[in-house]
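These notes are about the structure you will find just below.
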Amino acid sequence: MENELKQTFYCDHGHPDIQAVARSLKAGETDPVAIAKLTFYYVRERFPFGFDLYQRKASETLKQGYGVCWNKSLLLVALLRCNQIPAQFGSIPVRRSFVKPAIGAWYWLANNPFYHCLVHAYLNHRWTIMDVTLDKRTYEAFFLPWGVEWGIDWNGVDDVHLYTESVVGPSVTHPDIDAAINKKMGNTELPKCLAAIGNSYMNRQMWKRAEASATAYAQR
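Going by this note's numbering, the first residue of the sequence shown is number 44, and it counts up by one from there.
Spelled out as structure tokens, the structure:
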């Protein structure tokens, strides 16, 4: 599984910051599943759901502190590979309305279907699907109120599938991570300058609503 452990331009797990985090997550642990579980929750919770450009290195997302599905999936792959856990960058086609709970009518800007990103990690003698896109606050603020039937937790055994009501095809893996990211997994994106402005606006609005929701919940 050499290809599933290697470093690439975007999956830059040789970066000192990536290596430092991977070491801290491993911290003497020898069980790959335990390491993967710690890494899963680290990426899911320490990096809130927030829109960013496609062409970001894993180390850049680590520094920035937030990301959307492709950013967080890439970071998870990099950290797993750094700890010698084979991992693949994957995507799955979903109806673009999958993100409507978080951004409202802005979802119309996405292509349909949209290629949502996730991770395939080799654990328990099989490829396990892991999706770290939504942190707990985002999930509880926007998706639970819609009555979704899927959760975001991982028990160390079963696959973690988000947006199941919107899936329109099977998950695939991208052996050439850099090529996939450069092609945006088949998705469309505004010119970078406009995308950055749009992402910033949507993030401010989304994070403000998530914070208000969390505050209201705490006061109940």
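Beta carbons are placed, not taken as given, at the ideal position from N, Cα and C, and that holds for glycine.
Values in this document were obtained by computation on a predicted structure and should not be read as measured data.
Neighbourhood of A292 by C-beta distance below 6 Å, restricted to the same chain and skipping five residues each side: The structure shown has nothing for residue 292, since the chain only spans 44 to 263.
Inter-residue Cα distance where the pair is D60 and P188: By one-based count along the sequence shown, residue 60 stands at place 17. By one-based count along the sequence shown, residue 188 stands at place 145. Rounded to the nearest angstrom, the two C-alpha atoms are 37 Å apart.
Alpha carbon of N225 to alpha carbon of Y97, nearest angstrom: One-based indexing of the sequence shown puts residue 225 at position 182. One-based indexing of the sequence shown puts residue 97 at position 54. Roughly 8 Å separates the two Cα atoms.
Whole beta strand (DSSP E) elements within the region 97-179, 3-residue minimum: The region 97-179 contains these whole beta strand (DSSP E) runs: 130-137, 157-166 and 169-173.
Through-space distance from P213 to P136, alpha-carbon basis: Here residue 136 refers to the residue found at position 93 when the sequence shown is read from its first residue. Here residue 213 refers to the residue found at position 170 when the sequence shown is read from its first residue. The alpha-carbon atoms of P136 and P213 are separated by roughly 7 Å.
Inter-residue CB distance, L205 and D178 (contact presumed, cutoff 8 Å): For this step, residue 205 is matched to residue 162 along the sequence shown. For this step, residue 178 is matched to residue 135 along the sequence shown. Distance from L205 to D178 at the Cβ level is roughly 12 Å; contact not present, criterion being Cβ atoms closer than 8 Å.
Neighbourhood of P75 by C-beta distance below 7 Å, restricted to the same chain and skipping five residues each side: For the purposes of this step, residue 75 is identified with residue 32 of the sequence shown, where counting begins at 1. Closer than 7 Å at Cβ, skipping near neighbours: I128 and L166.
Exposure label - N198; buried when at least 16 CB within 10 Å: Here residue 198 is taken as the residue at index 155 of the sequence shown, counted from 1. Exposed is the label assigned to N198, since fewer than 16 other Cβ atoms lie within 10 Å of its Cβ.
Spatial distance of L119 from C160 (CA atoms): Locating residue 119 in the sequence shown gives position 76, counting from the first residue. Locating residue 160 in the sequence shown gives position 117, counting from the first residue. Whole-angstrom Cα-Cα distance: 11 Å.
Residue of F157, R247 and L237 minimising C-alpha distance to V211: Residue mapping note: residue 211 aligns to position 168 of the sequence shown, counting from 1. The shortest Cα separation from V211 among F157, R247 and L237 belongs to F157.
Straight-line Cα distance separating C54 from A145: Mapped onto the sequence shown, residue 145 falls at position 102. Mapped onto the sequence shown, residue 54 falls at position 11. Distance between the alpha carbons of A145 and C54: 27 Å.
Which listed residue (G241, R252 and M44) has its alpha carbon closest to that of Q131: Indexing the sequence shown from 1 puts residue 131 at position 88. Nearest neighbour of Q131 by Cα position, chosen from G241, R252 and M44, turns out to be M44.
Contact belief for L68 with R124 at Cβ below 8 Å, rounded distance in angstroms: Your numbering for residue 68 matches position 25 in the sequence shown. Your numbering for residue 124 matches position 81 in the sequence shown. The Cβ separation is near 13 Å, so there is no contact.
Cutoff 6 Å; reference T207; Cβ partners in own chain excluding five residues on either side: On the sequence shown, residue 207 is found 164 positions in, with the first residue counted as 1. The beta carbon of T207 is closer than 6 Å to those of W193 in its chain, skipping five residues each way along the sequence.
Rounded separation between S102 and I220 - CA only: As a working mapping, residue 102 is identified with position 59 in the sequence shown. As a working mapping, residue 220 is identified with position 177 in the sequence shown. Going by the C-alpha atoms only, they are around 15 Å apart.
Bridge-paired residues (DSSP) for F92: Translated into positions along the sequence shown, residue 92 becomes position 49. Beta-bridge pairing links F92 to G110.
Range of the contiguous alpha helix (DSSP H) that encloses Q62: The residue labelled residue 62 in the question sits at position 19 within the sequence shown. Membership of Q62 in the alpha helix (DSSP H) is indicated by the continuous run P59 to K69.
Exposed unless 16 or more other CB atoms sit within 10 angstroms - verdict on G108: Numbered from 1 along the sequence shown, position 65 holds the residue referred to as residue 108. The residue is exposed, with fewer than 16 neighbouring Cβ atoms inside 10 Å.
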